[in-house]
Each structure stands twice: as C-alpha cells, then as structure tokens.
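Those protein sequences? They're chains W, C, Z and X, same order as listed. Numbering-wise (the working numbering), the first sequence opens with residue 1 and increments by one. Numbering-wise (the working numbering), the second sequence opens with residue 1 and increments by one. Numbering-wise (the working numbering), the third sequence opens with residue 1 and increments by one. Numbering-wise (the working numbering), the fourth sequence opens with residue 1 and increments by one. Heads up, the beta-carbon is just placed ideally off N, CA and C, and yes, glycines get one too.
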Amino acid sequence: MTPVLVLSAVLFATGMFGVLTRRNAITLLVSVEIMMNAGNLNLVAFSRLYQPELMTGQVFAIMGIGIAASEAAVGLALILTIYRRYGSTDVDRVRLLRE
Amino acid sequence: MLVERWISARIQLRVGPRHTGPYGTLQTVADIVKLLMKEDVRPVQADAMAFRLGPMLTAVPAVMSFAVIPFGAPLIMRDLNVGVLYFLAVPGVTAVGLLLAGWASYDNYSFLGGLRSSAQFISYEIPRTLVVVGVAMLAGSLRMSDVLEAQRSVPFVLLLPLGFVVYIVTTLAEINRTPFDIPEAESELVAGYHTEYSGFRWALFFLAEYGALFAASGFAAVLFLGGGNGPLLPPFVWFLIKTLAIVFLNMWVRWTLPRFRSDQLMRLAWKVFLPLSLVNLVLAGLVLQAVN
Amino acid sequence: MNEPYQSDVLFLLGFTLAVFALPVLTILAFRWLRPSHPGRLKGEPYESGVPQASIPRRPFHMAYYNFALVFIVFEVETLLLFAIAPVLRDLGWVALGEVAAFVGLVALGLFYAWRRGALVWR
Amino acid sequence: MGGGQAVLFVVMGVAAAVSALYAVLTRQLLRSIMALGAFLTAVAVEFYVLSADFVSLVQIFVYVGGVVVLMLFALMLSASGERHPMAGADRAGLGAVLAYLVGGVLAVTALRADLPEPGAFPEQTVSYLGRALLAEQLFAFELMGVILLAALVTALVVVRKERQ
C-alpha cells in the first residue's frame with residue numbers, strides 16, 4: 001500500500017502548489033479538487049488494510065466525493081456571483097476592487 | 001439508419017431511399033463513403049484541441065456503454081459487479097463533449113446549442129438514474145446477469161410500469177431526439193452544437209446518437225423486459241426482438257410528434273419526471289415488501 | 001490481490017483505448033484522400049450566411065448554472081441510493097424506514113428548489 | 001501487489017500526476033478543466049485497481065459527468081477564458097518549494113509507516129457498502145442527505161441574491 005500513499009502525497013503537493021500560486025478562482029477550485037482526490041485515494045487504500053469487510057474507507061471516500069461535489073456547487077455559485085458583480089474571477093483583482 | 005429513413009418515409013407518406021442498390025440497401029454505405037471523403041472544415045478561430053475532442057467525447061461513451069449489455073445469456077463483453085452503474089456513469093461524460101463542441105466552434109448557434117443540449121442532458125439524467133435505482137432494489141444487485149436472473153418469472157415492466165414509461169421518455173430526451181430535440185432545432189439554431197462540423201467529425205455525432213439509441217434500448221430491454229429471457233427462441237433472438245421493438249417505438253415517436261419548447265422541456269424534466277421517478281422509488285419499496 | 005477487479009479494469013482500459021483509437025485512425029487515414037481547400041470564407045463561423053453578429057464568448061444566462069447546480073446535488077443523492085438499493089431486499093422495514101427518511105430529504109430539496117423558482121427556464 | 005496490477009497502478013499514477021501538474025500550470029482555463037477531467041479519470045482507474053469498483057464509478061459519475069460539467073458551465077457563463085487572459089503561476093518557486101516540502105514529509109511518513117499486508121478483499125463491494133451504510137455508517141448516510149440539502153439551499157440563495 002506504500003506506493004498508493006506516496007502517489008497520494010505527490011498529488012496532494014501538486015494541488016497545494018496550485019492553491020498557493022494561482023489567482024484565478026476557478027483554477028483554485030481545480031487545485032482543491034486535486035487535493036481532495038489525493039485524500040480519497042488514501043481512504044480507499046486504508047479500506048483495504050483495516051477491516052476490509054466493513055468498507056469504512058470506501059464509505060468515507062464516497063462521502064468525500066459527495067462533499068467535494070457540494071463544495072464545488074457552492075464555490076462556483078459564489079465565483080459566478082462575484083464575476084457578475086466585479087467582472088473578474090481573478091482573486092487579487094476582486095480584492096483590489098473591494099477596497 | 002436506413003431502416004429509420006424507411007420508417008420515417010412511411011409515416012410521413014414519402015418515398016424513402018431506393019436508388020442505391022436493391023431497394024436502396026446500399027444507401028448507408030454510400031453515405032459513409034461520402035462523409036469520409038468530405039473536407040474536414042474547421043473555423044479559424046476554433047479551439048483546435050476542444051474542437052477535436054468534442055465529437056470524440058460524445059461518440060466514445062456511447063460505444064463504450066455496449067461493454068456491459070448482455071446480448072443473450074453468455075453474450076456479454078464483461079459482466080461487471082457494478083454493470084448497471086457503469087452503463088449510467090460512462091455516458092454521463094457525453095455532457096462534457098457537447099459543451100466542448102459547442103464552445104470550441106466559436107459560433108453563436110453552436111455555443112447556445114451546446115449549452116442547451118447539455119442542460120437538457122443533465123436534467124433528464126436524474127429521473128432516468130432514479131428509475132434504475134428502483135430496478136436495482138428489486139433485483140438486489142447491480143450486476144447485469146443478476147438483474148436478468150431476477151426477472152426469470154416476472155419481467156420488471158409488470159412490477160414497475162411507471163418506471164418503464166419514465167425510462168423510455170427520459171432516454172428519448174437524453175439522446176436529443178424529437179420531440180425533445182430542441183438543442184438542434186433546425187428552425188432556430190441551425191444545427192445546434194454540430195453546426196460547424198463536417199465530414200467524419202459530423203458523422204461521429206451521428207454515430208453517437210444512434211449508438212446511444214441502441215445501447216439505451218438494449219438496456220431497457222434488459223432492465224424491464226427481461227432481456228434474453230423467453231420461451232423457445234434462443235436468448236440472443238429474444239434480446240434482439242425486445243431491443244428493436246423499443247428502437248422502433250423511439251423512431252415512431254420521433255417522426256410523429258412535434259417539438260417542445262425549451263422551457264416546457266426543462267419544466268417537464270424537473271417538475272414531472274423527477275417527482276414521478278421518486279413515486280416510482282416508493283412503489284418499488286412497497287413491491288419489495290409485498291414480495292418478501 | 002483480487003483477480004476479478006484486475007481483469008475487469010484491464011478489459012475496460014483496453015476497450016476504451018480501442019474505441020478511442022478507431023475514429024482517430026480513420027480520420028488520419030482519410031486525410032490523404034479527402035480534399036482540403038481552406039479559405040478565409042470557409043473558416044468563418046456559419047450563421048446562416050449572415051456575418052457573425054457578436055462574439056460567442058460572453059456571459060450567458062444564470063439559468064443554465066441553476067440547472068447544473070440542482071443536477072449535481074441530486075446526482076450525489078441518487079448515487080447514495082444506488083449503494084443501498086441492492087441490499088434492501090434482504091433487510092426489513094427498519095432499513096426501508098431509514099431509506100425513506102433519506103428520500104424525504106431529497107424530496108425536500110426538490111420542493112425547496114421548486115418554490116425558489118430555480119426550476120424555471122427563463 | 002501483483003505484477004500486472006503494479007504496472008497498471010504505476011502507469012495510471014504517472015498519468016494522474018502529470019495531468020494534475022498540467023491542470024495547475026496551464027494558462028488556459030479550458031485546458032485546466034480538461035486536465036482535471038483526465039486526472040479524475042486516472043484516479044477513478046486507480047480506485048478500480050484498489051478494488052473499489054463502486055467508488056470508481058461514483059467518481060466518474062459525479063466528478064467527470066458532474067463537477068467538470070459544472071466547471072465548464074461556470075467557465076462559459078463567466079467567459080473569462082478569453083476576456084481576461086489568465087496570469088500564470090504566481091510566486092511559483094516559493095509555492096513549489098513549500099508545497100513539495102509538505103508532500104515530501106507526507107511521502108517519507110508513508111514510507112516509514114509500519115503498514116500491515118493487505119489481506120483478502122470481498123469479491124462484491126456493493127452489498128457490503130450498502131449494509132455498512134444502513135448499519136454502522138447510518139449516521140454518515142443521513143448526514144450526507146442533510147449536507148447536500150444544505151449545499152443546495154446555500155448555492156441557490158447565493159445565485160438568487162445576485163439576480164435581485
């Protein structure tokens with residue numbers, strides 16, 4: 001299972017890299033989704049290791065996917081609203097406009 | 001496709017294709033050759049990658065969904081543990097293809113057509129999927145062969161008639177066929193998302209539509225009519241008869257009914273079919289308890 | 001490890017690749033056979049012969065997003081129902097009651113969106 | 001892990017990592033979303049390899065057929081793909097060092113962890129999943145319904161506010 005955990009670490013780092021450096025709100029959301037997937041990968045891997053017949057890890061992975069979907073729905077709603085008001089999905093630009 | 005043109009001609013009292021080969025049987029071949037030889041035109045401002053990917057992402061899922069359809073007792077490419085879900089999940093990617101194709105073309109009609117098609121697609125996806133949940137409840141499995149096994153005595157259409165009707169109608173809507181073909185309403189949107197496509201790429205959209213039609217009809221035959229189950233004839237023949245009956249029903253509806261308006265269409269999806277599919281779910285639960 | 005999962009996923013991957021490859025190869029093969037005369041006029045978007053009225057890169061109705069929004073929420077709910085649907089047959093009334101509570105939540109969501117007017121196409 | 005499976009896992013893992021990196025680095029929003037779609041598909045395959053077939057299809061259904069579509073809708077409705085050419089990665093060097101430092105710590109922890117060997121896994125995930133959801137995980141199941149309802153209400157309120 002170690003390779004899975006390493007892969008998940010790499011993906012998580014990539015997502016974090018995106019969150020730290022990008023400024024477009026939609027790309028930020030893309031990066032967050034990458035991080036959440038890294039987490040789900042871990043959950044599924046651990047589901048195989050500990051009490052596989054209880055499926056706890058897989059249940060939590062499904063929950064994770066569901067929560068990521070609702071987060072994307074709310075997040076994009078916010079982004080669209082902000083775009084309508086400020087004409088931009090660039091986080092820095094929006095911050096400038098508000099001051 | 002040829003058969004569809006014959007049927008459409010018969011219903012609309014026209015003469016169908018009859019010049020190429022005996023009774024026009026070679027018409028389809030001629031069409032394919034013509035499409036392959038046609039020029040591949042791409043608008044200059046189009047996004048090249050999305051323009052190429054769009055038709056692929058609509059056609060490939062349609063073909064891939066055939067992987068889990070049992071064409072007869074042993075004739076199934078792969079009997080997955082989650083075959084039913086696979087059949088519903090994979091064609092869902094089509095919405096991405098529609099949006100991409102519409103956006104990439106850099107054309108107002110295509111853009112609007114792509115948005116409308118995918119909005120319609122996702123709206124009808126929900127009631128369609130919910131109806132299948134009812135079937136999975138009765139079958140007690142998501143594996144295609146188990147679904148067939150559960151219908152050995154009674155096909156599910158008798159237990160869930162409402163579900164069957166909802167499934168058929170939402171499927172029609174999902175693959176953009178009349179009376180639900182607003183997205184490509186010729187009178188308002190030229191040809192919708194595939195306005196800018198020509199030659200083989202256009203043929204891919206066409207293939208996607210027919211592939212999806214046959215796959216969805218075969219799926220309905222398995223889920224509700226018991227697929228290959230039947231007396232005397234071999235399973236494959238029964239499967240074919242049931243599938244073609246549903247395909248014919250589709251074509252008949254297509255060439256008879258007029259088109260809905262897009263607001264009517266969306267209202268229909270959310271305010272009629274979604275509640276109906278919830279009712280179907282409750283009915284399935286009651287049937288389940290009655291059977292136990 | 002478990003054999004069935006492995007062979008399933010290998011089959012699905014191979015099938016996907018084949019299905020993807022077929023149209024790509026056809027397009028490439030016929031590249032030499034079909035004519036190609038790109039021209040300025042041909043490269044213009046086709047809008048029934050009328051010159052393009054506006055750039056198709058502009059913000060559009062929020063209504064489309066509304067539908068996508070309601071769609072994704074209901075999709076997750078449907079999938080959760082898919083997870084429990086197969087075992088419902090073997091469990092009793094209690095399980096059915098639990099599922100009924102969940103379906104009630106789904107219906108509540110639908111009712112709210114309906115009252116809110118999110119399901120109206122404008 | 002067995003031989004064939006290990007190869008498959010590595011190939012899809014590389015595909016996932018590369019598409020994730022592309023999604024994070026590209027300057028075009030459309031490309032970024034498409035790369036996300038490829039990444040999600042690769043992860044779905046990984047789930048299947050790890051014998052989570054149901055989760056894998058949920059991933060395809062909800063993410064590729066749902067979240068990616070949602071993002072494309074948002075992109076098209078805000079149409080910022082062309083009107084505002086996106087800035088590239090900002091403070092890329094510092095961000096990369098920081099992010100991959102965290103990733104490295106995680107990876108080292110994983111390498112040094114003392115994990116048990118994976119045992120046998122049920123042939124049919126679905127029935128176990130369903131039972132778990134209706135028994136041990138019932139709270140999570142009903143909570144999910146509430147969360148989704150809350151998300152629906154919130155998002156509709158946000159979108160609606162703007163219209164008035």
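Inset, instruction - For Arg112 of chain X, count neighbouring Cβ atoms within 10 angstroms of its own Cβ and tell me buried if that reaches 16, exposed if not. - result: Position 112 of the fourth sequence holds residue 112 of chain X. Arg112 of chain X is exposed by the Cβ-count criterion.
Inset, instruction - Take the Cβ of Val159 of chain X as the centre, count every other Cβ of all protein chains shown within 10 Å, and call the residue buried at 16 or more, exposed below. - result: As a position in the fourth sequence, residue 159 of chain X is number 159, starting the count at 1. Val159 of chain X should be labelled buried.
Legend entry - For Asp90 of chain W: DSSP bridge partner residues: Translated into the one-based positions of the first sequence, residue 90 of chain W becomes position 90. BP columns for Asp90 of chain W point to W:Asn24.
Legend entry - Below-8 angstroms beta-carbon distance, Tyr83 of chain W vs any chain X residue: Walking along the first sequence from the start, residue 83 of chain W turns up at place 83. For Tyr83 of chain W, the answer is yes, since a Cβ of chain X falls inside 8 angstroms of its Cβ.
Legend entry - Member of W:Leu76, W:Met1 and W:Tyr86 whose CA lies at the smallest distance from the CA of Leu28 of chain W: By one-based count along the first sequence, residue 28 of chain W stands at place 28. Per the Cα distances, W:Leu76.
Inset, instruction - Would you please verify whether the beta carbon of Ser70 of chain W is less than 8 angstroms from any beta carbon of chain Z? - result: If you number the first sequence from 1, residue 70 of chain W lands on position 70. Yes, because at least one Cβ of chain Z sits closer than 8 angstroms to the Cβ of Ser70 of chain W.
Inset, instruction - Determine whether the Cβ of Ala77 of chain W lies closer than 8 angstroms to any Cβ atom of chain Z. - result: Indexing the first sequence from 1 puts residue 77 of chain W at position 77. Chain Z, which has a Cβ nearer than 8 angstroms to the Cβ of Ala77 of chain W, makes this yes.
Inset, instruction - Between the Cα of Val87 of chain Z and those of X:Leu115, X:Ser127 and X:Glu142, spot the shortest distance and give me the residue it belongs to. - result: The sequence position of residue 87 of chain Z within the third sequence is 87, counting from 1. Among X:Leu115, X:Ser127 and X:Glu142, the Cα nearest to that of Val87 of chain Z is on X:Ser127.
Inset, instruction - Check the C-beta distance from Gln28 of chain X over to Val43 of chain X and give it rounded, since I have them as a contact under 8 angstroms. - result: Translated into positions along the fourth sequence, residue 28 of chain X becomes position 28. Translated into positions along the fourth sequence, residue 43 of chain X becomes position 43. Actually they do not touch by this definition, with Cβ atoms about 22 angstroms apart.
Legend entry - Interface residues of the segment 39–66 of chain W facing chain Z [CB-CB below 8 angstroms]: Ile62, Ile65 and Gly66
Legend entry - CB contact below 8 angstroms: Leu130 of chain C versus chain A: You won't find chain A in this structure, because its protein chains are W, C, Z and X.
Legend entry - Any chain Z beta carbon closer than 8 angstroms to Val247 of chain C: For the purposes of this step, residue 247 of chain C is identified with residue 247 of the second sequence, where counting begins at 1. No - not a single Cβ of chain Z is within 8 angstroms of the one on Val247 of chain C.
Inset, instruction - Mind checking which residues open and close the alpha helix (DSSP H) that includes Asp146 of chain C? - result: If you number the second sequence from 1, residue 146 of chain C lands on position 146. Residues Met144 to Ala150.
Inset, instruction - Please name the residue, chosen from X:Thr125, X:Leu8 and X:Pro118, that lies closest to Thr2 of chain W on a Cα-to-Cα basis. - result: Stepping through the first sequence from its first residue, residue 2 of chain W is reached at position 2. Here the closest residue by C-alpha is X:Pro118.
Legend entry - CB of Leu57 of chain X within 8 angstroms of CB of Tyr109 of chain C, strictly: Mapped onto the fourth sequence, residue 57 of chain X falls at position 57. Mapped onto the second sequence, residue 109 of chain C falls at position 109. Against a cut-off of 8 angstroms, the Cβ pair of Tyr109 of chain C and Leu57 of chain X comes out as no contact.
Legend entry - Span of the alpha helix (DSSP H), counted from its first residue to its last, around Val169 of chain C: Taking the first residue of the second sequence as position 1, residue 169 of chain C is located at position 169. Unbroken alpha helix (DSSP H) run through Val169 of chain C: Pro161 to Glu174.
Inset, instruction - In angstroms with no decimal places, state the Cα-to-Cα distance between Leu110 of chain Z and Leu233 of chain C. - result: On the third sequence, residue 110 of chain Z is found 110 positions in, with the first residue counted as 1. On the second sequence, residue 233 of chain C is found 233 positions in, with the first residue counted as 1. Spanning the two alpha carbons is a distance of roughly 45 angstroms.
Legend entry - CA-to-CA distance, Ala35 of chain X to Val10 of chain X, given in whole angstroms: Position 10 of the fourth sequence, counted from the first residue, corresponds to residue 10 of chain X. Position 35 of the fourth sequence, counted from the first residue, corresponds to residue 35 of chain X. For Val10 of chain X and Ala35 of chain X, the distance between alpha carbons rounds to 19 angstroms.
Inset, instruction - Taking the CB atoms as reference points, tell me whether Gly114 of chain C and Trp103 of chain C lie closer together than 8 angstroms. - result: For the purposes of this step, residue 114 of chain C is identified with residue 114 of the second sequence, where counting begins at 1. For the purposes of this step, residue 103 of chain C is identified with residue 103 of the second sequence, where counting begins at 1. Cβ atoms of Gly114 of chain C and Trp103 of chain C: closer than 8 angstroms.
Inset, instruction - Measure from the alpha carbon of Phe139 of chain X to the alpha carbon of each residue in Z:Leu108, Z:Gly117 and Z:Ala95, then state which is nearest. - result: Stepping through the fourth sequence from its first residue, residue 139 of chain X is reached at position 139. That would be Z:Ala95, whose Cα lies nearest to the Cα of Phe139 of chain X.
Legend entry - Whole-angstrom C-beta distance between Ile122 of chain C and Val69 of chain X, which should lie under 8 angstroms: Residue numbering aside, residue 69 of chain X sits at position 69 when the fourth sequence is read from its first letter. Residue numbering aside, residue 122 of chain C sits at position 122 when the second sequence is read from its first letter. Right, the Cβ-Cβ distance comes to about 6 angstroms (below 8 angstroms), so this counts as a contact.
Inset, instruction - For the segment 23–107 of chain X, list the alpha helix (DSSP H) runs that are entirely contained and at least 4 residues long, ordered along the chain. - result: 29–49, 53–58, 68–78 and 80–83
Inset, instruction - Please go through the same chain and pick out, in chain order, the residues whose beta-carbon is closer than 6 angstroms to the beta-carbon of Ser277 of chain C, but skip the five residues on each side of it. - result: Walking along the second sequence from the start, residue 277 of chain C turns up at place 277. Here the set comprises Pro127, Leu130, Val131 and Val166.
Legend entry - Cutoff 6 angstroms; reference Phe164 of chain C; Cβ partners in own chain excluding five residues on either side: In the second sequence, the residue the question calls residue 164 of chain C occupies position 164. Excluding sequence neighbours, Phe164 of chain C sits near Val157 and Phe224.
Legend entry - Expected contact under 8 angstroms - CB spacing of Gly130 of chain X and Ile84 of chain Z to nearest Å: Counting from 1 along the fourth sequence, the entry for residue 130 of chain X is found at position 130. Counting from 1 along the third sequence, the entry for residue 84 of chain Z is found at position 84. Confirmed, Cβ separation roughly 4 angstroms.
Inset, instruction - Could you tell me the boundaries of the alpha helix (DSSP H) in which Ala50 of chain C lies? - result: Looking up residue 50 of chain C in the second sequence gives position 50. From DSSP, the alpha helix (DSSP H) with Ala50 of chain C extends over Ala48 to Met64.
Inset, instruction - Can you have a look at Glu123 of chain X and say buried or exposed, based on whether 16 or more other CB atoms are within 10 angstroms of its CB? - result: Counting from one through the fourth sequence, the residue named residue 123 of chain X turns up at place 123. Exposed, by the Cβ-count rule.
Inset, instruction - Confirm, please, whether the CB-CB distance from Leu265 of chain C to Leu138 of chain C is below 8 angstroms. - result: Within the second sequence, the letter at position 138 stands for residue 138 of chain C. Within the second sequence, the letter at position 265 stands for residue 265 of chain C. Result no, Cβ atoms of Leu138 of chain C and Leu265 of chain C do not sit closer than 8 angstroms.
Inset, instruction - Report yes or no: do the segment 36–55 of chain X and the segment 18–28 of chain X share at least 3 C-beta pairs separated by less than 8 angstroms? - result: yes
Inset, instruction - Decide if Leu80 of chain Z is buried, meaning its Cβ has at least 16 other Cβ atoms within 10 Å, or exposed. - result: Translated into positions along the third sequence, residue 80 of chain Z becomes position 80. Buried is the call here.
Legend entry - Euclidean distance between Cα positions of Tyr63 of chain X and Ala52 of chain X: Mapped onto the fourth sequence, residue 63 of chain X falls at position 63. Mapped onto the fourth sequence, residue 52 of chain X falls at position 52. Straight-line Cα distance between these residues: approximately 16 angstroms.
Legend entry - is_contact[Val63 of chain C, chain Z] using C-beta, thresh 8 angstroms: Along the second sequence, one-based indexing puts residue 63 of chain C at 63. Judged by the 8 angstroms Cβ criterion, Val63 of chain C is in contact with chain Z.
Legend entry - Ala68 of chain W beta carbon less than 8 angstroms from that of Met103 of chain W: Chain W is shown only over 1 to 99; residue 103 of chain W falls outside these bounds and no answer can be derived.
Inset, instruction - Compute the beta-carbon to beta-carbon distance between Val247 of chain C and Leu213 of chain C, rounded to the nearest angstrom, for a pair I have assumed lies under 8 angstroms. - result: Residue mapping note: residue 247 of chain C aligns to position 247 of the second sequence, counting from 1. Residue mapping note: residue 213 of chain C aligns to position 213 of the second sequence, counting from 1. At roughly 6 angstroms, the Cβ-Cβ gap stays under 8 angstroms, so Val247 of chain C and Leu213 of chain C are in contact.
Legend entry - Unbroken alpha helix (DSSP H) run spanning Phe87 of chain C, endpoints: As a working mapping, residue 87 of chain C is identified with position 87 in the second sequence. Gly83 to Ala89 is the extent of the alpha helix (DSSP H) around Phe87 of chain C.
Inset, instruction - Report yes if the C-beta distance between Ile26 of chain W and Ile79 of chain W is below 8 angstroms; otherwise report no. - result: Taking the first sequence and counting its residues from 1, one reaches residue 26 of chain W at position 26. Taking the first sequence and counting its residues from 1, one reaches residue 79 of chain W at position 79. Yes; because the gap between Cβ atoms is below 8 angstroms, this pair is in contact.
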